[in-house]
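Each residue of the sequence shown is one higher than the one before, counting from 1 in our numbering. Take a look at the structure set out below.
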Amino acid sequence: MKSLVVYDSVFGNTEELARAVAGVLASGGVVAMKRPEEASAADLSGVELLVVGSPTRAFRPTPATMAFIKQLAPDALRRVRVAAFDTRIDVEKIDNRFLSLMVKTFGYAAKPIAKALRKKGGSAAAEPAGFSVADKEGPLVEGERERAEEWARTLMPS
Ligand SMILES: Cc1cc2nc3c(=O)[nH]c(=O)nc-3n(C[C@H](O)[C@H](O)[C@H](O)COP(=O)(O)O)c2cc1C
Numbered sequence: 001m002k003s004l005v006v007y008d009s010v011f012g013n014t015e016e017l018a019r020a021v022a023g024v025l026a027s028g029g030v031v032a033m034k035r036p037e038e039a040s041a042a043d044l045s046g047v048e049l050l051v052v053g054s055p056t057r058a059f060r061p062t063p064a065t066m067a068f069i070k071q072l073a074p075d076a077l078r079r080v081r082v083a084a085f086d087t088r089i090d091v092e093k094i095d096n097r098f099l100s101l102m103v104k105t106f107g108y109a110a111k112p113i114a115k116a117l118r119k120k121g122g123s124a125a126a127e128p129a130g131f132s133v134a135d136k137e138g139p140l141v142e143g144e145r146e147r148a149e150e151w152a153r154t155l156m157p158s
């Protein structure tokens, strides 16, 4: 299976998970990794699984992540299985009622990524997934890397 992992990351946490996901997928075939600014439709040639990861910033994926998906043709992902993940700050850990309410209302990055991927014809390989960082710059909460690897294993065809 040929896979492509497109990931954005400001402080390195999403990148760490993207590498962990790619490591798992590599046991089932060829994996390429790209930042969204560097990825294009040409990178999708022969790709059966596309995984897109982004930090959640202001309740959304990064602009570069969405720009990558947006520039794809409407049916670019017609034969591609797709999956989305994000990194985020766990709402239970936010000590600010207003922000906590905002997060509950507007959510995180993975769902809008998954929706945009499906809009381009992709079929969901898994539910969108979120992984927690302890603070803005990280580190990842303990166990999240392993949970991401577990999630990645569910993306592999059985
Ligand atoms: C400007 C800014 C906005 C952020 N907005 C959110 C948010 O809306 N929801 C959330 O859960 N985390 C938010 N965060 C925390 C990020 O999700 C966190 O920095 C990110 O997961 C770290 O991933 P990275 O190391 O790959 O950049 C924000 C962080 C920054 C710096």
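Backbone N, C-alpha and C fix where the C-beta goes; we use that ideal spot for every residue, glycine too.
Sorry if obvious, but does the Cβ on residue i come closer than 6 Å to a heavy atom of ligand 1?
i, result
"P55", "yes"
"F131", "no"
"A58", "yes"
"F98", "no"
"V21", "no"
"T87", "yes"
"K34", "no"
"E10", "Note that residue 10 is Val in the sequence shown, not Glu. Yes - ligand 1 has a heavy atom lying nearer than 6 Å to the Cβ of V10."
"K136", "yes"
"D62", "For the sequence presented, residue 62 should be read as Thr rather than Asp. The answer is no for T62."
"T14", "yes"
If you run the structure through DSSP and keep just helix, strand and coil, what is residue i?
i, result
"A18", "helix"
"V80", "coil"
"A110", "helix"
"S40", "coil"
"S123", "strand"
"F11", "coil"
Please return the same chain residues whose Cβ sits closer than 7 Å to the Cβ of residue i, not counting the five positions on each side in sequence.
i, result
"E144", "F131, S132"
In the DSSP assignment, what are the bridge partners of residue i?
i, result
"V5", "M33, V51"
"F85", "G53, A129"
"S100", "Partner(s): none; S100 has no beta bridge."
"L140", "V133"
"R194", "Residue 194 is absent from the model: the chain starts at 1 and stops at 158."
"R60", "R57"
Apart from the five residues just before and just after residue i, which ones in its own chain have a Cβ nearer than 6 Å to its Cβ?
i, result
"K120", "L72, A76, L77"
"F85", "G53, A110, A129"
"E149", "A20, V24"
"P36", "V6, D8, A64, T65, F68"
"A22", "V5, V31, M33"
Label residue i either buried or exposed according to how many other C-beta atoms from any shown protein chain fall within 10 Å of its C-beta, with 16 as the threshold for buried.
i, result
"R88", "buried"
"S54", "buried"
"P157", "exposed"
"N13", "buried"
"S3", "buried"
"L74", "Reading off the sequence shown, one finds Pro at residue 74, where the question assumed Leu. P74 is exposed by the Cβ-count criterion."
"E146", "exposed"
Might you give, ordered along the chain, the residues of its own chain that have their beta carbon closer than 8 Å to the beta carbon of residue i, omitting 5 neighbours on each side?
i, result
"R81", "E48, L49, L50, G122, S123, A124, A125, L155"
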